[in-house]
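J.: In the working numbering, the protein residues as written are 7 to 857. Take a look at the following structure, please.
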């Protein structure tokens with residue numbers, strides 16, 4: 007009995023000492039223990055995700071890839087696999103598992119090896135959220151007390167949810183949702199048992215058990231997990247055997263990008279960092295929905311690339327990327343291994359020429375596929391000599407290719423074609439003219455090559471793309487579309503430089519008195535200079551600033567009329583939107599809304615929009631403005647007949663006054679300029695009587711084949727910059743093509759076949775170089791949408807005029823046409839037989855005309 011009593015006293019003393027030790031330990035570490043109540047409001051670091059307006063993922067930024075899941079979204083087989091591996095008694099203990107600790111201690115004592123851990127899932131949550139991974143006894147003590155606190159604060163399911171969303175799985179994947187995407191490219195619920203077991207086995211050793219880096223170790227670890235599940239009767243023998251025999255299917259999957267649009271995603275990233283700071287922007291779990299339309303963005307990218315390929319082929323083949331052998335050909339395995347290291351460039355695929363025939367070549371693609379390039383895909387490849395000259399046309403494949411050449415190929419119209427990475431650059435931007443929402447934006451051929459966004463950063467000379475704005479200033483003063491402007495040479499003495507300034511037309515021909523509509527449509531240079539003189543340089547610059555251009559980029563001399571001013575494509579598309587929307591200056595924007603990690607709306611765009619009907623209603627004070635809900639405003643591209651029923655247009659104003667864009671041009675003047683730019687596309691005159699004429703943008707009419715489009719070409723001196731800007735009432739688009747090197751010209755600006763050896767090329771200009779990109783894009787972008795008939799504004803009248811003089815005409819034949827005028831500005835006299843009764847030139851211009 008004494009022995010039993012002593013034993014009981016000893017046990018009581020040990021228990022008391024244990025309690026005292028635990029109390030002392032708690033007292034010692036408690037000041038350093040963090041507040042676990044923060045787990046109630048923990049925000050897991052999740053990346054910044056950027057989407058198109060229709061919900062397609064464009065990009066994601068952030069070091070950690072995480073897809074937070076609710077507990078109910080996590081499949082039970084994965085939960086079973088994790089618990090079997092990490093903490094089989096998770097739902098039985100209170101945060102610390104004494105049985106597990108004793109078992110681990112016994113194994114260490116008997117084997118001297120630590121083959122089984124004693125940390126529960128709750129303890130791992132405590133360590134992951136609050137502690138470091140340093141291996142010290144004091145950290146373990148803190149871990150135990152934190153686990154007890156966590157168990158008192160959270161339910162078991164909440165703790166497990168935190169663990170499954172927080173654990174690191176390698177390859178920047180945090181949480182099981184991200185692990186499923188990174189390793190299998192699937193949502194978590196779409197995996198099989200073998201894949202669940204693979205994921206469950208990774209947190210303890212995400213590097214050593216990584217199935218991509220160490221497939222065999224990953225498989226071994228996976229099978230250990232499956233064995234534990236079988237021991238605990240969580241799976242059947244058949245399920246175990248089937249999963250154990252499965253091959254390792256893991257491979258790296260990047261972010262599941264639906265729409266690759268790097269230039270717009272970089273714009274969003276910059277904006278988010280400026281708005282929220284770098285750390286919060288990248289980890290706050292924001293979802294940013296842009297204004298970009300995924301269909302239009304893809305069309306813009308395709309159009310830009312195809313246009314550059316066409317330009318590049320006109321200027322010759324610059325030769326192979328490399329020559330792999332001279333005499334003895336490489337074995338196929340060596341070629342495939344070499345090609346595997348070569349990166350694709352957009353839609354160009356690296357390939358090696360393995361055999362050539364007279365009119366075809368066999369090439370091996372990256373991946374090992376052998377294809378045949380036929381003559382139609384090779385014959386374009388004259389040798390590149392310079393930007394203005396190329397060699398003779400090849401007669402056989404041997405004139406172009408040699409066995410061992412490393413080349414680029416691409417598919418076009420279902421056939422393979424020899425290609426090359428373009429040297430020239432381009433940009434395209436498309437915008438809703440009523441709201442300023444950017445619908446498509448491509449800042450260059452390849453973001454991998456250059457992150458320079460030419461839409462927003464490249465200020466280039468405008469060339470003739472500026473002329474609609476010069477004529478707008480003239481029309482706002484007193485010109486009409488029928489005003490005769492002298493199309494005659496200009497010789498102006500420059501006293502400062504001691505030389506004469508002689509702006510020339512392109513082509514260098516002059517037709518005498520010419521109506522303004524024709525002068526704009528045919529881009530007649532001397533007429534634009536005379537229109538600028540009529541307005542005055544300062545007044546013209548003031549007008550350009552109203553259209554959104556930067557005053558500091560406007561030269562104070564007459565070269566302004568020919569486009570010596572500089573602007574970005576975004577500036578240009580903004581200016582042209584004024585014509586498209588009836589006279590309002592809208593501000594471009596590209597973020598539609600921002601949603602935070604809690605799915606709360608934290609930002610919604612409220613652009614100022616163009617609305618002539620709203621403006622009229624508010625001016626007449628017929629009704630009080632009505633605020634729209636946020637959901638109604640999203641993606642708002644206002645045409646009042648779309649926003650409200652026609653019968654209510656005089657009763658309801660859909661926007662408050664502060665949401666209306668500033669009017670910078672009257673609706674009547676915007677209409678007249680649009681009509682003139684339609685002539686640039688469709689020309690004028692009577693072709694059956696051979697009195698018709700083409701505008702500079704006639705190719706747009708042939709390609710787009712719509713009567714509701716208007717546009718203007720632009721070419722600078724020596725074709726260093728080429729432009730095409732145009733619109734219909736729903737979409738305005740600008741395309742620029744040039745070299746990043748400002749001094750490099752795209753090609754000749756006129757035909758010249760007397761350059762000696764080598765083949766010369768035709769003129770490069772806005773219509774030929776930038777125009778096709780615009781044509782391809784707008785043709786497909788507007789496909790399936792109804793044509794929008796021109797709505798003639800109030801106070802605009804149409805009268806029949808004589809084509810030659812611009813005076814009224816009683817003729818109904820090819821010598822006359824109907825022309826639009828603002829009421830009161832139409833001509834008052836009829837044309838007489840013989841010489842016209844009136845001209846609109848001053849004496850100086852008349853003298854220049856007859857010299």
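Glycine included, every Cβ here is placed at the ideal spot set by N, Cα and C. Note that the structure is a prediction, hence the values are computed from the model and not measured.
#1: Is residue 636 buried or exposed, if buried means 16 or more other CB atoms sit within 10 Å of its CB?
#2: Excluding the five sequence neighbours on either side, which residues of its own chain have a C-beta within less than 7 angstroms of the C-beta of residue 33, listed in chain order?
#3: I need the straight-line Cα distance from residue 202 to residue 133, nearest angstrom please.
#4: For the 8 angstroms Cβ check, are there 3 or more pairs between the region 451-460 and the region 484-499?
#5: At which residues does the alpha helix (DSSP H) containing residue 684 begin and terminate?
#6: Starting from residue 729, trace the alpha helix (DSSP H) in both directions and tell me its first and last residue.
#7: In terms of alpha-carbon separation, which member of 838, 583, 188 and 770 lies closest to residue 440?
#8: If we count the other Cβ atoms within 10 Å of its Cβ and call it buried at 16 or more, is residue 860 buried or exposed?
#9: On the criterion of 16 or more Cβ atoms from any shown chain inside 10 Å, does residue 161 qualify as buried, or is it exposed?
#10: Alpha carbon to alpha carbon, how far is residue 761 from residue 324?
#11: Evaluate contact between the region 734-752 and the region 504-523, counting only Cβ atoms and requiring at least three cross-stretch pairs below 8 angstroms.
#12: Can you say whether residue 657 is buried or exposed, counting buried as having 16 or more other CB atoms within 10 angstroms of its CB?
#13: Should residue 349 be labelled buried (16 or more other beta-carbon atoms within 10 Å of its own) or exposed?
#14: Residue 64 and residue 266 - do their beta-carbons sit closer together than 9 angstroms?
#15: My output table needs one value for residue 434: the three-state DSSP class, helix, strand or coil.
#16: Taking the alpha carbon of residue 556 as the reference point, which residue from 567, 492, 573 and 562 has its own alpha carbon closest?
#17: Can you have a look at residue 157 and say buried or exposed, based on whether 16 or more other CB atoms are within 10 angstroms of its CB?
#18: Please tell me whether residue 535 and residue 269 are closer than 9 angstroms, where the distance is taken between their beta carbons.
#19: With a threshold of 6 angstroms on Cβ separation, who are the neighbours of residue 806 within its own chain once the five nearest residues in sequence on each side are excluded?
#20: Please report how far the alpha carbon of residue 520 lies from the alpha carbon of residue 490, in whole angstroms.
#21: From the DSSP secondary-structure annotation, give me the bridge partner or partners of residue 368.
#22: With H, G and I counted as helix, E and B as strand and the rest as coil, what does DSSP make of residue 50?
#23: Buried or exposed: residue 179, going by 16 or more other Cβ atoms within 10 Å of its Cβ?
#24: Can you tell me which of the three DSSP states residue 757 falls into?
#25: Given residue 446, which residues of its chain have a CB within under 6 angstroms of its CB, disregarding the five upstream and five downstream residues?
#26: From residue 639 to residue 345, what distance separates their C-alpha atoms?
#27: Taking the continuous alpha helix (DSSP H) assigned at residue 222, which residues delimit it?
#28: Between which two residues does the alpha helix (DSSP H) containing residue 585 stretch?
#29: Just the C-alpha distance for residue 82 and residue 89, rounded to the nearest angstrom, thanks.
#30: Answer with buried or exposed for residue 665, where buried requires no fewer than 16 other C-beta atoms within 10 angstroms of its C-beta.
#31: Quick test of the definition: if touching needs 3 or more C-beta pairs under 8 angstroms, does the region 282-300 touch the region 378-392?
#32: Quick check: what's the CA-CA separation for residue 714 versus residue 706?
#33: Could you say if the region 240-260 and the region 206-214 meet the contact criterion of at least three C-beta pairs nearer than 8 angstroms?
#34: From this set, 125, 176 and 66, which residue's C-alpha is nearest residue 100's C-alpha?
#35: List the endpoints of the continuous alpha helix (DSSP H) containing residue 532.
T.: On the basis of the data shown:
#1: Its pLDDT being 32, under 50, residue 636 is placed unreliably by the model, and the measurement read from it follows with that caveat. So residue 636 ends up on the exposed side.
#2: Low local confidence applies: a pLDDT of 42 at residue 33 is under 50, so the model's placement there is unreliable, with the coordinate-based value given in what follows. If we look at residue 33 and ignore the five residues flanking it on each side, it has no Cβ neighbours.
#3: 24 angstroms
#4: no
#5: 673-688
#6: Looking at the DSSP string, residue 729 is not in any alpha helix (DSSP H); the run it does join, the beta strand (DSSP E), is 727-734.
#7: 583
#8: Nothing can be reported for residue 860: it is not among the residues displayed for the chain, which extend from 7 to 857.
#9: exposed
#10: In this prediction, residue 761 has a pLDDT of 31, which is less than 50 and means its spatial position is unreliable; what the coordinates show is noted afterwards. If I take the Cα positions, the gap works out to 20 angstroms.
#11: no
#12: Per-residue confidence for residue 657 stands at a pLDDT of 45, beneath the threshold of 50, marking its modelled position as unreliable; the derived number appears in the next sentence. Residue 657 comes out exposed.
#13: exposed
#14: yes
#15: strand
#16: 573
#17: buried
#18: no
#19: 815, 822 and 824
#20: 5 angstroms
#21: 361 and 378
#22: coil
#23: buried
#24: Confidence at residue 757 is low in this model, with a pLDDT of 39, below 50, so the placement of that residue should be treated as unreliable; the coordinate-derived value is given next. Coil.
#25: 302, 303, 306 and 436
#26: Note that residue 639 scores 35 on pLDDT, short of 50, meaning its location in the model is unreliable; the coordinates nonetheless yield the value given after this. Distance between the alpha carbons of residue 639 and residue 345: 50 angstroms.
#27: 221-237
#28: 575-587
#29: 10 angstroms
#30: buried
#31: no
#32: 11 angstroms
#33: no
#34: 125
#35: 531-541
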